[in-house]
Amino acid sequence: MKSHSLIAMLLLPLGLLAQETPEKSVRIITRDATTPAGEPRVALIMGVSEVGSPIFGSLPGIKQDLGRMKATLEAAQFEVHVVTEPTLVEAHKAIDDFGDRLLATKGVGLFYFSGHGGEYNGANYLIPKGARITKPVDVMQEAIAAKRVIGRMEGQGTRVNIIFLDCCRNDLTKSAGGPGLAVMQAQGTFIGFATASEMTAAASMNGSPYTTALCKFMTQPGLSISDMHTRVTSEVKTVTRAAGAEQTPFMNSGLSDLFYFMPGAADLPPPGAMPPVMPAGGGIAPVDVKISAFQLAPGVEMKFVHCDSGSFYLGSPNDEAGHGDDEAAGFVRLTKEFWIAQTECTQAQWQAVMGSNPSEFKGPNQPMNNVSYNDAMNFCLRMNAAVKPKDGWRVSLPTEAQWEYACRAGTQSAFSFDASWADLWMHGNYADKSYTQFTHGDKTHSDGVGNSTAAVATYRPNAWGLYDMHGNVWEWCVHPYYKQQVVGDDPWGTANVASMNRVMRGGSWMTTYDKCRSASRSPGPAETRRNSIGFRVVLVKG
């Protein structure tokens, strides 16, 4: 049986936008919330409140964290093993025994750790009781390597592995007193923490807000683990923002199986609500999204999906299949909400605004193609004049960070649906077996279209309800192409130089699967027109 690892993840919460356009609340429903009958569930939960070192402060709320987590997991039918205040030797034995237990039972495995965490040379460590760490290099011998936990869970024949790390509170990384846990990349896994890399997590006498929120939402029936963690993230952000230090849980995802702590009926929209944007069984975790629409002409509207402010890792790890040398990963914070078009700009939408159609592949629901960056920017100007967005909002092309943030929809895997391209044919239009020009193309699967663009929304959306983020047409972004991506807060670039190449994202109907990854980038002159290039727009403030 295929094994999956899942480490507590983040699907960033989506909020509301006050504007005078029709709003429709959409629920993406994928499949019934069922769990295989009698499937064994085994959990190891571990906490260290007193390391016994002046470098690491006391965490008196750990006892409360462990108690709440134990009760919650037992209610979810887990066999729970609790280890408190373990030394390194005791922790290693408990983890090894846990791996043996998973090998014997299969089913579902869950590991939870609450305490201090740190990073050294890109590897993450959990700090046990009695760790004698006086300089950063000591962590390699004195702490629990996170990769040991993952290694003892993978390959045991389990259906799903889950790891929650409520760590990086008093920090240890490249120097004592530095930031907390580093980003962890792993093919085919979901990886995440209570907070983003190089950030600290809140704690109190009553336990952490992250564990508190986990225990609250894990007991709600019918929530997939991704949907559950979306609600956890929203609650943690709200609680910590009120305390003056906002904390955002972070993830790296690659899970293909759905998992429910509590099977049952989830809260659904009232009868008569807008239908699902994706058919049942689609394989994407359900997420509540907010959609607004502009009427461009009779029978022609452009729908936008709301994206809240948040943080993620832009780019890809060096070991990701297809990684390019212009994709170096970096931490990005988007401090402002925005709205992004649910689909690529269609020819019907373009004609309603521009009155012409230069596309090579024709059809009202086909994406615009054969349009340059300059053409797309002109469309934005014309649409702003036509629809007159309220309250300071305007139509624009997305920044690279906005585009990738929306494409990933809370994931950090190569694709928004998984780390592997094997299911890309269900999610996008790319160089499949009908397109034989590329010797390294997909010779096995067919996306059902052939050698042309596909009508928008033909394939499955990502978890935020956005279509065709992988393939169909390359999509222009607003700023120049920089080989070294700009990261940090609201990255844009140093100058809007007309002579510089612009950047395109997402791949197209004629590109191989590696070019359709979430992190893939392609430069091109602003005047370039091809039948593989289109765009989608965003609504931004300012």
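Quick note, the sequence shown lines up with residues -18 to -1, 1 to 524 if you use mature numbering (1 follows the signal peptide of the UniProt record, and there is no 0).
Heads up, the beta-carbon is just placed ideally off N, CA and C, and yes, glycines get one too.
Residue i and residue j closer than 8 Å at C-beta
i: L521; j: V377; result: yes
i: V121; j: Y107; result: yes
i: F294; j: Y192; result: no
i: T328; j: P349; result: yes
i: E302; j: A396; result: yes
i: L316; j: S341; result: no
i: V455; j: N351; result: yes
i: C498; j: H461; result: no
i: L26; j: L55; result: no
i: V438; j: N513; result: no
i: V335; j: L278; result: yes
i: V30; j: I115; result: no
i: L70; j: E21; result: no
i: F343; j: S434; result: yes
i: W458; j: V287; result: no
i: G34; j: K117; result: no
i: N411; j: E509; result: no
i: K523; j: K318; result: yes
i: V131; j: R83; result: no
i: T326; j: D450; result: One detail in the question is off: residue 326 reads as Glu in this sequence, not Thr. Yes, the Cβ-Cβ distance between E326 and D450 is below 8 Å.
Where the alpha helix (DSSP H) through residue i begins and ends
i: V520; result: Careful: V520 lies outside any alpha helix (DSSP H), inside the beta strand (DSSP E) at V520 to K523.
i: C197; result: P191 to M200
i: W385; result: E382 to R390
i: G81; result: L70 to T87
i: V131; result: A128 to M135
i: M408; result: No alpha helix (DSSP H) contains M408, which DSSP labels as neither H nor E.
i: G49; result: I44 to A57
Rounded C-alpha distance that separates residue i from residue j
i: L137; j: V221; result: One detail in the question is off: residue 137 reads as Gly in this sequence, not Leu. Cα-Cα distance, rounded: 38 Å.
i: G39; j: Y102; result: 19 Å
i: G236; j: M365; result: Any reading at G236 needs caution, since the residue's pLDDT is 49, under 50, leaving its predicted position unreliable; the model's value is listed next. Taking the straight line from one Cα to the other gives about 37 Å.
i: T493; j: H305; result: 15 Å
i: Y441; j: Q324; result: 13 Å
i: N339; j: S354; result: 13 Å
i: G226; j: F146; result: 24 Å
i: P203; j: I144; result: 18 Å
i: V142; j: N483; result: 44 Å
i: G392; j: R487; result: 17 Å
i: K285; j: R223; result: 30 Å
i: A76; j: G297; result: 36 Å
i: E32; j: I207; result: 31 Å
i: A358; j: R503; result: 18 Å
i: E382; j: A501; result: 10 Å
i: Q229; j: E217; result: 10 Å
i: M200; j: F60; result: 12 Å
i: G81; j: H74; result: 11 Å
i: P505; j: Y464; result: 9 Å
i: residue 542; j: C289; result: Summary: the structure shown does not reach residue 542, with the chain confined to residues -18 through 524, and so no result is reported for it.
i: A311; j: G100; result: 19 Å
i: R50; j: C197; result: 7 Å
i: V64; j: G97; result: 14 Å
i: G139; j: V62; result: 19 Å
i: V214; j: A195; result: 5 Å
i: D14; j: N360; result: Bear in mind that the predicted position of D14 carries a pLDDT of just 33, short of 50, making it too unreliable to give a figure here.
i: P68; j: M28; result: 8 Å
i: Y242; j: A57; result: 13 Å
i: M135; j: A127; result: 13 Å
i: P245; j: M210; result: 12 Å
i: F517; j: Y94; result: 43 Å
i: L205; j: V271; result: 15 Å
i: V469; j: A105; result: 22 Å
i: A113; j: I37; result: 10 Å
Enclosing beta strand (DSSP E) for residue i [first to last residue]
i: I145; result: V142 to D148
i: R512; result: No beta strand (DSSP E) contains R512, which DSSP labels as neither H nor E.
i: F243; result: Segment: none, F243 is in no beta strand (DSSP E) and carries neither H nor E.
i: W61; result: Here residue 61 turns out to be Glu, not Trp, going by the sequence shown. Residues E61 to T66.
i: M28; result: R23 to G29
i: residue 527; result: Given a span of -18 to 524 for the chain in the structure shown, any question on residue 527 remains unanswerable.
i: G506; result: R503 to G506
i: R376; result: W375 to S378
i: E457; result: W456 to P462
i: M486; result: R484 to R487
Proximity test, Cβ basis, 8 Å: residue i and chain D
i: D82; result: Absent from the structure: chain D. Only one protein chain is present.
| field | Segments assigned alpha helix (DSSP H), at least 4 residues, entirely inside the region 285 to 373 | value | 329 to 336 and 355 to 369
Mind pulling the beta strand (DSSP E) runs of 3 or more residues that sit fully within the region 99 to 124?
99 to 102 and 105 to 108
Exercise. Is the region 357 to 375 touching the region 393 to 405 in the sense that three or more CB pairs, one from each, lie closer than 8 Å?
Worked result: no
Three Cβ pairs or more, each shorter than 8 Å: is that satisfied between the region 79 to 87 and the region 34 to 53?
no
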